[in-house]
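Following: one structure in structure tokens, then a few remarks.
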Amino acid sequence: MPEYLSEIAPAYPEIFLLIATCTVLLLDLFVKDYQRYITYIAVQGSLLFTAWLVYTATDSTTVVTTFNDMFVADPMGRMLKISIILITMAVFSYSRPYLKDRNMYKGELFTLGLFAVLGMMVMVSAKTMLLIYLGLELLSLSLYAMVAFRRDNSVASEAAMKYFVLGAIASGMLLYGMSIIYGLSGSLNLSHIASYLSEQDGLMSNLGLLLGLSFILVGFGFKLGVVPFHMWIPDVYHGAPTAITMFLGAAPKIAVFAMIFRLLAEGLGDMSVGWQQILILLAALSLFVGNIIAIAQTNLKRMLAYSTISHMGFVAMGILAATEAGYAASMFYIITYAIISMGGFAVIIFLSHKDSEADELADLKGLSSRHPWIAFMMLLFLFSMAGVPPTVGFYAKLSVIQAVVSVDIVWLAVFAVLMSVIGAYYYLRAVKIMYFDTAEKSVVAGKAGFEFNLLLSANGLAVIALGMLPSLLMSACVSSVNVIFN
Amino acid sequence: MTFEQFIFYIFATVTIVSAIAVVTVRNPVYAALFLILTFFTSAATWILLEAEFLGIVLVLVYVGAVMVLFLFVIMMLDINIDPLREGFIRYLPMGILVAIVVAAEIVIVLGSDTFNMAIPDPVPLSDSNTKALGEVLYTEYVYPFELAAVILVVAIIAAISLTMRKRQDATKHQNISEQIRVNSADRLRVLKMKAEEKQ
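Residue numbers (numbering that gives the first Met the number 0), protein chains in the order written: chain A, 0 to 485; chain B, 0 to 198.
Quick look at the structure:
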């Protein structure tokens, strides 16, 4: 192999995905509307092959950097990338009937989705602030366009506008913080920044660094959707077409976690005392606001949006512990949350029809008598969000809380448990509506293809299986974080 | 104050004043023209920093191409922006308050000792600015550079997919065989009507 090829070898998955995306874009031009399944198969095929490339490009113990130390391929990145790709494939598969019914089953939507995946992969592998920003913009731009895709729908357009404006402000904040850190440390590279910080003393009295850090955290807060930067979440989740909400609520969260981990833990690890305090506040507020306001929601999508906010509070808890166990717990949490939330939105897609959205809580009435299996799957997802054993949500919450307790922030752990109990109310209310209420008006029976049912069943069973045997995923998370710090 | 500093302050003042004017003037055409002025003076500041390439590109690309298109669009659309400015006065006090607080905080931080570091010596360029940039753009920074290009592709795809509307009746085009086969009876209808009386 020539030398320049071994230089770019760790980035083969990204390079392949870019070429495949451009090919799909061109291929779609020659495909007639009734042949759109060709585009769909090409999209899923390219994603699957990219996942395979990620799997083979690196092994699970070494850390490889390339492109002048800008790109890093490590076990954590490998695992996060594979999760992102597989979850995106599942999301595309779930959305197919929904998109077909609403005249959104277009090649451009899938192309934008593929570019978003590319952006997420870049974020996961970024070793410099420059690439973190570029990956984030690639992801965000694709998502803005996807939310606005039903341009004749005023609710969706409004959601896209809000998402765009607030997202742009968040990017600006993030960029300003990064520029201050760059100005002080003289480098964009995360490992150079880390070594610069380790040489300084009195980090917590260095106003410039703290200013940069606060701006970066504000940007992260927006992108992750934690209180008080959560305002866009309910409107965007509610306004966007359900299939797009499912997309932006699942895989991008994993990429944002990777971005926060890389910058805070790897780059600004020596300032952990500083960002820990801010994150404690953000986490506590998110747990409180997310769980309390969700109770008042009558719309299922809005309810899940507020539930996302509280879940992101849990993710922030794992990160703020600033220990290896904490990062691993957060990583476990974010991956499993993406799987669970995808399932929840899939059921909303199942309930919807060509002309109606069926995203109100009342639309769940009598689901158990109409579709007992689907209702059971929804029960699993809701229990998992609430954190009821033996679903995976329980173990995810437990490990995050353990991480916080181990660094002696016991009050936050107790607060999180209390808020989870409050949160359990609205999840259980949804379960009660499904199982004990009867539908008032006649409901058009939901229909779903074989592919949809199979995937939903697999999704539900994964929630149970990971809950019974969490070590399957947890040990991989722990070892991948371990590799980075040793 | 050296002559260079004097020039810098002139350009900096014009940049800031015209940037404020961009968001405050009522007429969108004026706003676009002020934006051009902002770009132009920023380009001049860059040239003062001996970054000629960036300065020239800013003038060529933004002033020359982007802003001209922008003006074109503004004139084509002829948007009445008065409704867009509703609530401006209502939110102004709050906005000014927030802006003052943020600005004060930043000034306090930037005024602290943190940024009181020695001014680094300028690195003398062995070659022209353009060549120096070109040498790193496709070697050291090839990965971010390509990604920036991908972002532009996404922007194009997004813009086209959001704005292109297929016409309900297909586009009008010539059908030559039909045009040849046409005869006078298809085009001309002779009506018979009574002659009207002279009034």
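Here a beta-carbon is modelled for each residue, glycine too, at the ideal position from N, C-alpha and C.
Are the Cβ atoms of residue i and residue j separated by less than 8 Å?
| i | j | result |
| --- | --- | --- |
| E136 (chain A) | I150 (chain B) | yes |
| Y181 (chain A) | L187 (chain A) | yes |
| A30 (chain B) | V16 (chain B) | no |
| T65 (chain A) | P12 (chain A) | no |
| L455 (chain A) | M376 (chain A) | yes |
| Y36 (chain A) | S351 (chain A) | no |
| S487 (chain A) | I279 (chain A) | With chain A covering only 0 through 485, there is no way to say anything about residue 487 (chain A). |
| L173 (chain A) | V108 (chain B) | no |
| Y425 (chain A) | M302 (chain A) | yes |
| L25 (chain A) | A154 (chain B) | no |
| L138 (chain A) | P251 (chain A) | yes |
| M467 (chain A) | V399 (chain A) | no |
| I253 (chain A) | S82 (chain A) | yes |
| V225 (chain A) | Y326 (chain A) | no |
| I192 (chain A) | F219 (chain A) | no |
| G342 (chain A) | F393 (chain A) | no |
| L165 (chain A) | F221 (chain A) | yes |
| L161 (chain B) | R101 (chain A) | no |
| F349 (chain A) | A447 (chain A) | yes |
| S94 (chain A) | A242 (chain A) | yes |
Can you say whether residue i is buried or exposed, counting buried as having 16 or more other CB atoms within 10 angstroms of its CB?
| i | result |
| --- | --- |
| L96 (chain B) | exposed |
| E356 (chain A) | buried |
| R188 (chain B) | exposed |
| I254 (chain B) | Lying outside 0 to 198, the shown extent of chain B, residue 254 (chain B) is not represented and no answer is given. |
| D73 (chain A) | buried |
| M163 (chain B) | exposed |
| T87 (chain A) | buried |
| P503 (chain A) | Nothing can be reported for residue 503 (chain A), as the shown portion of chain A is limited to 0 through 485. |
| Q296 (chain A) | buried |
| R25 (chain B) | exposed |
| E107 (chain A) | buried |
| P240 (chain A) | buried |
| G112 (chain A) | buried |
| H172 (chain B) | exposed |
Following the continuous beta strand (DSSP E) through residue i, name the residue where it begins and the one where it ends.
| i | result |
| --- | --- |
| V63 (chain A) | V63 to T65 |
| A72 (chain A) | F70 to A72 |
Along the alpha helix (DSSP H) that carries residue i, what are the first and last residues, could you check?
| i | result |
| --- | --- |
| T241 (chain A) | T241 to G248 |
| F349 (chain A) | E323 to L350 |
| G44 (chain A) | Y36 to A56 |
| I107 (chain B) | F87 to G110 |
| D234 (chain A) | W231 to G238 |
| Y61 (chain B) | No alpha helix (DSSP H) holds Y61 (chain B); DSSP gives it neither H nor E. |
| A447 (chain A) | Premise fails: A447 (chain A) is in no alpha helix (DSSP H) and is neither H nor E. |
| Q401 (chain A) | V391 to S405 |
| L161 (chain B) | V141 to T162 |
| D185 (chain B) | S183 to R186 |
| F38 (chain B) | P27 to L47 |
| A18 (chain B) | F2 to T23 |
| I489 (chain A) | An answer regarding residue 489 (chain A) cannot be provided, because it is not within the stretch 0 to 485 covered by chain A. |
| V225 (chain A) | Unbroken run through V225 (chain A): none, as it is neither H nor E. |
| T27 (chain A) | Before going further, note that residue 27 (chain A) is Asp rather than Thr in the sequence given. Where D27 (chain A) is concerned, the enclosing alpha helix (DSSP H) stretches over Y11 to L28. |
| E439 (chain A) | Segment: none, E439 (chain A) is in no alpha helix (DSSP H) and carries neither H nor E. |
| A8 (chain A) | Counting along the chain, A8 (chain A) falls outside any alpha helix (DSSP H), and DSSP gives it neither H nor E. |
| K130 (chain B) | N128 to L136 |
| S367 (chain A) | L366 to R369 |
Could you please give me the residues that DSSP links to residue i through a beta bridge?
| i | result |
| --- | --- |
| A125 (chain A) | A:F70 |
| N298 (chain A) | A:E359 |
| N205 (chain A) | Note: N205 (chain A) sits in no beta bridge, so no partner. |
| N491 (chain A) | Residue 491 (chain A) is absent from the structure shown; chain A starts at 0 and stops at 485. |
Quiz item: For the region 56-72 of chain A, which residues have a CB atom closer than 8 Å to at least one CB atom of chain B, in sequence order?
Solution: F66, N67, M69 and F70
Quiz item: Which residues, in order along the region 125-148 of chain B, keep a beta-carbon less than 9 Å from a beta-carbon of chain A?
Solution: T138, E139, Y140, V141, Y142, P143, E145, L146 and A147
Quiz item: Looking at chain A, which residues of the region 84-105 of chain B have a Cβ within less than 9 Å of any of its Cβ atoms?
Solution: E104 and I105
Quiz prompt | Near-chain B residues of the region 107-122 of chain A - C-beta to any C-beta below 9 Å | solution = E107, L108, T110, L111, F114, A115, L117, G118 and V121
Quiz item: According to a CB-to-CB cut-off of less than 8 Å, which residues of the region 128-150 of chain A neighbour chain B?
Solution: L129, L130, L133, G134, E136, L137, L140, S141, Y143, A144, A147, F148 and R150
Practice problem: With 9 Å as the limit, tell me which residues of the region 201-226 of chain A have their beta carbon closer than that to any beta carbon of chain B; keep them in chain order. | Solution: N205, L206, G207, L208, L209 and L210
Exercise. Scan the region 263-275 of chain A for residues whose Cβ lies nearer than 9 Å to a Cβ of chain B and list them as they occur along the chain.
Key: none
Quiz item: According to a CB-to-CB cut-off of less than 7 Å, which residues of the region 148-161 of chain B neighbour chain A?
Solution: V149, I150, V153, A154, I156, A157, S160 and L161
Quiz item: Which of the residues in the region 35-55 of chain A, read from start to end, lie with their CB under 7 Å from any CB of chain B?
Solution: none
Quiz item: What are the residues of the region 11-22 of chain A that lie near chain B, defined by any Cβ-Cβ distance shorter than 7 Å?
Solution: L17
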